[in-house]
Structure formats: C-alpha cells, structure tokens
Amino acid sequence: MNGYTGKILRINLTSGVISDLDTSDYEEWGGGHGMGSAIFWDIVLGEKQVDLSTIDGFHEENVITVMTSPLTGTMALGASARTEIQGIGVQSYPEWFTRSGIGGRFGPMLKYAGWDGLVIEGTAKNPVWIDIRDGEVQIKDAASLWGLDTWQTQEKIWEEIDGESGNGGWREISTEGNGTRSTQKPAVLTIGPAGENLCRVAAIIHDAGNGSGQGGFGAVWGSKNLKAISVMGTGNIHVNDPNELMESRIWAIENFTYSLDLYDAEKAKWATMPSNLRSYPSPLVTWERPQEGRPQACMGCQAGCRSRYSPRDGNESSCKESYYYNAKVLLRNLHVAHNTAETPEELLQQLYSSDLPDPQKQAADLAQKFGINAAELETGIPYLRDLHKMGVLGQGKEIDCDLPFDQLGGNAFIERLVHMIAYREGIGDDMAEGFFRAAERWGRLDEDMQTGLLNNCHWGLGMHYDPRVSLEWGYGTILGDRDINEHGFNPLYMIPTLTQEQPLSAEDFAKMFADRMPPFEDDPLMLDYSDENMYSEHICKLVAWHRYYGRFWIQSALYCDFQYPDFFNWSAEGYTGITGQGEQRFFNAVTGKNLTFEEGIAIGKKIWTLDHAIWTLQGRHRDDVHFADYIYDKPARPPKFRMPVNRNGQWEYDRIGERPLDRTQFEDFKTRYYELEGWDPQTGWPTRSTLESLGLGNVADELEKEGRLGEE
Amino acid sequence: MKNLTAPSRDVALQLLGEVSFEDRLIGSLLHLRAGVRTVSLYSLEEVFLLLKEPYPQIDPVQLENWIRTTLHDGELADRIKTVILQEEGDRNILPAIRDLVGWRLIQCKQVTG
Chain A
1 MNGYTGKILR INLTSGVISD LDTSDYEEWG GGHGMGSAIF WDIVLGEKQV DLSTIDGFHE
61 ENVITVMTSP LTGTMALGAS ARTEIQGIGV QSYPEWFTRS GIGGRFGPML KYAGWDGLVI
121 EGTAKNPVWI DIRDGEVQIK DAASLWGLDT WQTQEKIWEE IDGESGNGGW REISTEGNGT
181 RSTQKPAVLT IGPAGENLCR VAAIIHDAGN GSGQGGFGAV WGSKNLKAIS VMGTGNIHVN
241 DPNELMESRI WAIENFTYSL DLYDAEKAKW ATMPSNLRSY PSPLVTWERP QEGRPQACMG
301 CQAGCRSRYS PRDGNESSCK ESYYYNAKVL LRNLHVAHNT AETPEELLQQ LYSSDLPDPQ
361 KQAADLAQKF GINAAELETG IPYLRDLHKM GVLGQGKEID CDLPFDQLGG NAFIERLVHM
421 IAYREGIGDD MAEGFFRAAE RWGRLDEDMQ TGLLNNCHWG LGMHYDPRVS LEWGYGTILG
481 DRDINEHGFN PLYMIPTLTQ EQPLSAEDFA KMFADRMPPF EDDPLMLDYS DENMYSEHIC
541 KLVAWHRYYG RFWIQSALYC DFQYPDFFNW SAEGYTGITG QGEQRFFNAV TGKNLTFEEG
601 IAIGKKIWTL DHAIWTLQGR HRDDVHFADY IYDKPARPPK FRMPVNRNGQ WEYDRIGERP
661 LDRTQFEDFK TRYYELEGWD PQTGWPTRST LESLGLGNVA DELEKEGRLG EE
Chain B
1001 MKNLTAPSRD VALQLLGEVS FEDRLIGSLL HLRAGVRTVS LYSLEEVFLL LKEPYPQIDP
1061 VQLENWIRTT LHDGELADRI KTVILQEEGD RNILPAIRDL VGWRLIQCKQ VTG
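Which chain is which? The protein sequence lines are A and B, in order. Per the working numbering, the very first residue in the first sequence carries number 1; after that it's consecutive. Per the working numbering, the very first residue in the second sequence carries number 1001; after that it's consecutive.
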C-alpha cells in the first residue's frame, strides 16, 4: 500500500481500549473524508447499530475520525499537510454529520508515526489527552491541562515530551528507551476553554494558527473529555516512484506557479487567489503585512499562506481569523478628532499607523487561544452591533450585557466578547450556542431570518458567498451540511469582476472550466450564471461536479482548497491551470495506482452519496433543504459580480446580483438535482439502484430497514 | 480645502457622530479570499474607512442621498454628485469620493478642535 502506513488507530475513551483498523479495508475510498465516512458508517451503524435519528453530536456514541491521505507527508504539491476531521457536529442546525479540515504538520507527523488516521469513540470519565509516539499510544490524565488555553496546552505537552520547551537538538522520544530520537516538536491538536465549556462554536487548534473550526468539533472533544492529541513520528512513507514524484513537483512549479523573474504587480495580486497555485509565499491575511515578518507554511507546501511576525501578534493566522475583527471598518476609538492630518492620505496613515495597537491581530490570537471558530464571530459581531444600535442589546436592555460597545474595534471589546463566549458568562451562554441559536433564545430568530439582519442563511451558519449569486457555493452548501468553503470557482467571477482587461472572452472562460469537469465536460452552460439558467439542469451538473471534486480530490486525497482546483492560472500557458493533469499525476506517483482524474470524480460521487445516506438516516427530507426566508424575499446585496452568461446562444460577461431566489423555481431545481443524482425527488433519499450502482448495497439495506430508502 | 466650505461646529459634530439603526447605510466588503461581508455603516468616518479597503462595495448614488438627507451635508453631497457624473465606473468614482469624504472629516476635526 504505497503512500499508506496500513493502520488506523482506534481509541475507545470509555473503555480505554486501544486497537487498530486495517487501512486496506478502506483503500477504495482513497483517504481522508471517504475513509472517514466509511469508518463512521461501519462503526456507528454496523457495529453499534445506533439509530442516527436519536443521537446528537454530544452523544457518547458519536464517533470522530481524524484522517490523512496517501499524499500526506509526501512532496505532492499542495497536498502534503491537510487532515480531515469528521463526525456528528454540534454547530449546524440541525446537527448534521459533517467535516472540517486542518493544516499544519499534524497529518504528516501522524503518518510518520505509522498511522493513516485516528478513530475516537466513547467518553472518558475524566479529562484525558492522548500521547502517540510512533507505535506507542497512551491515554493520559489531562487534569493539569484542563482550563489552559490552546497555546499553553501545547507548550505543556511539548515540555512533558521534550523535557524542556522543545527547542533543542536530538531527543529520545520513546518511553520504552528504544533509542528512537527526533529533533521535532510533537504535533498537537487541542481544544481551549471554549471546547471544554461545550461551546458549539469551539474549534480544535494546532500550533499557533491552524484551526478546525466548522462543525464545533472542539465542543465534541470537550464532551468526550478529550483535551488534546499529541503525536511524534520518526518513520517514513513508502512512495511508489520517488523520481516521478519529484519530477512532478518540479513540473508543477515550473509550469503552473508564479515566477518572481517575471514579476508583474497586477498578476502577483492574483497569485494569492485561492485556487491558484502559488510559488512564492503570499500570506492570506487582511491586515497590513509588516516588514518584520517571515513566511510560514504547512509542511511541504510551497505557498506559505501565513506569516510569523515581530512582535508575534497574529502569528500563523490567516483568512477568516485575520478578517473577522476588521478594525478598519469597525474602528470608533481612534476618532478623527484625535488626529492632526492635513490630507486624506495623512488621515489614513495616522489611523493605521504601525505604532498603534493592532486589534485585528490580537483578535486572531484570542480566537486561536480560546479555541473559537472565527467565521462564527465574523457574522456575530456585526449582528451584535446592529442589535445594540437598535436599542435591544446592551447594558440594561432587553438583551442585557456589559459588552463595551464604545470600545468596538479596540482590544477591550473583543477580549470581553471572547471571554464571555468561552466561559459562557451572561449572554455569552447564548452566543456559545452560535448566533443562530442565540437569536432563537432571544426571541429574534423569525424576524432576523426574514430581514437578514442575522446573515446566517443555511443550516444556521453564516453566509460566506451569497447563494443568490454564487450558485455553486450556496446550492452546494444547502444540499450538504456546512459552508462548503471550496473556492474553486471563485476565479470565474472574481477575475472578470476585478480586472480591468479580461484575459479571456466569457465563452473561452466558461469552456476553460467546463473542459475539465468530467463527466459533464460537453456542457459549458454549467458556467452560465444568468437569471434564466440559475435553476437549470446545467447548474445541477455544476453543483454535482463541485461536490464530487470536493469530496474526493480536496477532502479525501486532501489537496489544499486554497490551491485546487486550479482551472485558470495566470502563470500557465494559455492560462490553463494544472487541474485535470496534476491531481492524478501526484496521486499515482505516490500510490502506484493508475487512477484517472475522472475516476477520482466518480469516487467523489460515491462519497457524496454515502454522506447523503447518513444525513437521510439522521432525518433529512427534501423539505428541510431550504435557505432562510430573506434569501427568497430580498435581493442579494452588492457586489454585482461580472459573470459569464449565455443569452440566445451568445456568451458575454454581465453584472449579476441584487436578485432573490424564487422559492418555486428553487424547488424545481432540487427536483432536477435529485433526479441527476438518482435520488428520489419526492424525498431526496437515495434509491437502491443508485446505491447499488455505486457499490453501496449495504447502505441501501440499512436505509430500507429504517424505512428511508428512496422510491425508484 | 478642496473648495469645500468649512462646516459649522454643530454640523461638524453631527458629521463626526453616529446615525441611528434606521438611518444606517449598508455597504459590503469584497475580499479575494474571505468572500463578501455586508457592513452596516453608522457614520461618515466608517464610510471613509470602508472606501479605504481594496474592494469597497457601496452604491455611490445611495451614498450621495444618505449624506444629503441623513447627514444633511448638501455641499458634500453635491460634490459627490459631480464626481458620479464626471467619472466612469466605481473603480474611479469611489476613490474620488473617498478623498472628498476624507477632506470633509479633516475639516470637521479642525472645526471641533
């Protein structure tokens, strides 16, 4: 089994029994998510015979998987360091079986320790942490760790394993004195106070700035009394063809990444775009990058989408953590009157002087240390402010709290807010449930879901890209379990919207994407985002393909979403990115298989269908699959994206936005979508013939037993 | 200063203050990575800060109307209207408006001490 270690570690926290599974039993799923879903199915439904409609994420029978892929820990470009976490989450509404990814170095270290993944079952009586050193696995008392923040926890574990803070030379790591040594720090996944206090917005954190936020798995770990998992590995991974792997990496860098020798400021800006391969470090942060910083990357990654700074505020944080407390917009405490500017430029300089404290970076650190999902705070903070301005939230108000709104934008506000949530103080007890459930507790949910004041439009989760405009994103989310957070089609509308001169015609742009979307490659109308096409069978294919690609190549083979799929690429000949060529090339070099790109897509369909069967057993019916009212009743807010559209057979770019969804037509879309998938359009449940065609006859049997098999 | 008449102290204080929830203006931030975020704008200063972002999203005509009818600054609104008529596309209009708003804020600061 090239690329795999051959074993998956299984830990039962209730009994303390430690065992393993054979990876080969799950090899057909590729890795990551596919394996995780199959293992969840086998244990929860097969072994334990649990009725999924009766348990939630906090239930002892919930099983959490932490999976790698055959590419993890190798030199596969952009696929060396992701780890996939799954189980029943507690953040969405209802609590769906869900997933969350995390980068850094945990996955590679787990592979080097000899494990393709972890399976966590049961609930410990008292707080514990798991210490993995190659094949040695111990469940340890976490009394001294409970209550610590995520950074303190990791430092304590490093200290225990290394005997000091961890910065040094070679150290013996085996507890059995077998001479196994390493220079590396253990890789640790841990929860903070938010997870311990079962906050549904709790994340799992690794190193300074890697977070598994979606799903609230931090709280699930807290409910299992699991504080942390530490792993030290000293082994290696058998790669089928190391020469081919290295040649593939060099080929990818030379042909698809950005060359500093050809530096162009305008193009360089796009080199930081998610879903473009990047050759040079380009932090995905929204704050000003200080001179005193250096790039930081996940293990084996060429991109370096985070930084380390001097001083250290904001170390390793990126994307949402860097964005959620955007002080530049919320700032009130640096009042204009306090400045001496004579020009707007001076005004800007004084407002954002590097001498001033940077609440954005410190807010990022707070989210990491307390273990809170920054995406939830991103929608929650503007909501709190609007409620405050409405006069319903604040000191002595209907929703009584002591949040210092006069300090909004500064440190005092965010420190208080994070503390309230992590320790469930005051209305923090409501917000710890997530802002959707908080609104419900405050008696505001119906009103705020009608007006859109609370911008949580699907499954109680915050909007990321508007489903009224970014169809593949929104439809994919509501047909699934969480904000998909897959950026593959962003360039299709970001580049036309924000560039002065279009590199490609709308027709060529649409075809560039469609050509690499098997088995639907003959239908470029998948990329027609017009009002006339937005509920069509073409858009069904777009959504389906995106789900399949995501489920296999992103979440199972574990290519990083910030780099794949790479359709359009400024650096490549004819702008044609690596997708369709690169994914399988790396996969086959490592595994020795002969998998085609399309076969990967087909495995993705199988995984997507298995997930849908799990949601079906949790109780999902097609009637549950709808957005919040404001998505149908109100037009999308700006911006209007310039998107490819096809009218009367002619392709063009047009500004799309400010449109609501139509309820009836979206229901028609769902019917077409279920028919495309081979699921029962009356219920949305998979049918036996579809399941059997995918080799999932056992899944059909289970659905039939529970009376939830779709009609043919 | 950019041919804007210095505001009175009362007007300056009003322009530096916050409006009510009902009178807020809605804008959006577009970020290459993080996506789109809708933003409630409660003051002229916040408008300025939004316009400083790389890809601010705000309807210039709505902004002009808001400044005229909610903040009662007809002169600034007129100047913005001129920009809208003279310039082409938000890419050119919004930076010009940002500078006008910035000038107005500096004037307000000077008037209020």
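Yeah, the Cβ is synthetic: ideal placement off N, Cα and C, and Gly gets one too.
| Asked | Found |
| --- | --- |
| Three or more C-beta pairs below 8 Å linking the stretch 653 to 663 of chain A and the stretch 547 to 559 of chain A | no |
| 8 Å contact criterion, which serine 310 of chain A and valine 285 of chain A should meet: CB distance rounded | So it is not a contact: roughly 15 Å between Cβ atoms. |
| Simplified DSSP assignment, three categories, for methionine 463 of chain A | coil |
| Stretch pair the stretch 510 to 526 of chain A + the stretch 566 to 575 of chain A: three plus CB contacts closer than 8 Å | yes |
| Host alpha helix (DSSP H) of isoleucine 1153 of chain B (start-end) | Absent from the structure is residue 1153 of chain B, since the part of chain B shown begins at 1001 and ends at 1113. |
| DSSP beta-bridge partners of asparagine 646 of chain A | A/Trp651 |
| Alpha-carbon to alpha-carbon, asparagine 533 of chain A and leucine 558 of chain A | 32 Å |
| Contact set between histidine 464 of chain A and chain B, taken where Cβ atoms lie within less than 7 Å | Gly1035 |
| Through-space distance from isoleucine 130 of chain A to glycine 16 of chain A, alpha-carbon basis | 11 Å |
| Cβ pair count under 8 Å reaching 3, the stretch 87 to 99 of chain A against the stretch 242 to 261 of chain A | no |
| One or two residues paired with isoleucine 18 of chain A in a DSSP bridge | A/Ile11 |
| Environment of valine 336 of chain A [buried if 16+ CB atoms lie within 10 Å] | Residue placement at valine 336 of chain A cannot be trusted, given a pLDDT of 49 that sits under 50; what the coordinates show is reported in the next sentence. Buried. |
| Which residues DSSP lists as bridging glutamate 172 of chain A, in chain order | A/Arg181 |
| Under 8 Å between C-beta atoms of glycine 57 of chain A and glycine 107 of chain A | no |
| Neighbour-count burial assignment, leucine 334 of chain A, 16 or more Cβ in a 10 Å radius | At leucine 334 of chain A the pLDDT is 49, less than 50, meaning the model places this residue with poor confidence; the figure from the coordinates comes in the next sentence. Buried. |
| Cutoff 8 Å; reference leucine 676 of chain A; Cβ partners in own chain excluding five residues on either side | Glu537, Cys540, Lys541 and Ala544 |
| Cross-strand partners of valine 231 of chain A (DSSP beta bridge) | A/Ile132 and A/Ala187 |
| Counted within 10 angstroms of its Cβ, other Cβ atoms place asparagine 1003 of chain B as buried (16 or more) or exposed | exposed |
| Endpoints, the beta strand (DSSP E) within which proline 309 of chain A is located | Sequence check: residue 309 of chain A is tyrosine here, not proline. Start and end: 306 to 309. |
| 8 Å Cβ cutoff, lysine 320 of chain A in contact with chain B | yes |
| Alanine 628 of chain A CB to nearest heavy atom of the ligand ADP below 7 Å | Of the ligands one can find in the structure shown there are none, so the ligand ADP has no counterpart to examine. |
| Extent of the continuous alpha helix (DSSP H) run through arginine 672 of chain A | 663 to 677 |
| Asparagine 225 of chain A versus asparagine 62 of chain A: straight-line alpha-carbon distance, rounded | 13 Å |
| Serine 354 of chain A versus lysine 185 of chain A - alpha carbon distance | In this prediction, serine 354 of chain A has a pLDDT of 49, which is less than 50 and means its spatial position is unreliable; nothing more can be read from the coordinates. |
| Top-ranked residue by Cα proximity to glycine 452 of chain A, from A/Glu583, A/Ala228 and A/Asp629 | A/Asp629 |
| Below-8 Å beta-carbon distance, aspartate 386 of chain A vs any chain B residue | yes |
| Check whether alanine 143 of chain A and alanine 228 of chain A have beta carbons under 8 Å apart | no |
| Residue-level contact to chain A via CB, isoleucine 1106 of chain B, 8 Å cutoff | yes |
| Which listed residue (A/Ser24, A/Gln395 and A/Glu136) has its alpha carbon closest to that of glycine 177 of chain A | A/Glu136 |
| Arginine 82 of chain A in three-state terms, based on DSSP | coil |
| With 16 other Cβ atoms within 10 Å as the buried cut-off, status of alanine 203 of chain A | buried |
| Residues near alanine 700 of chain A by beta carbon distance below 7 Å, same chain, minus five either side | Arg688, Leu691, Glu692 and Leu709 |
| Interface partners of serine 1020 of chain B on chain A, CB under 8 Å | Lys389 |
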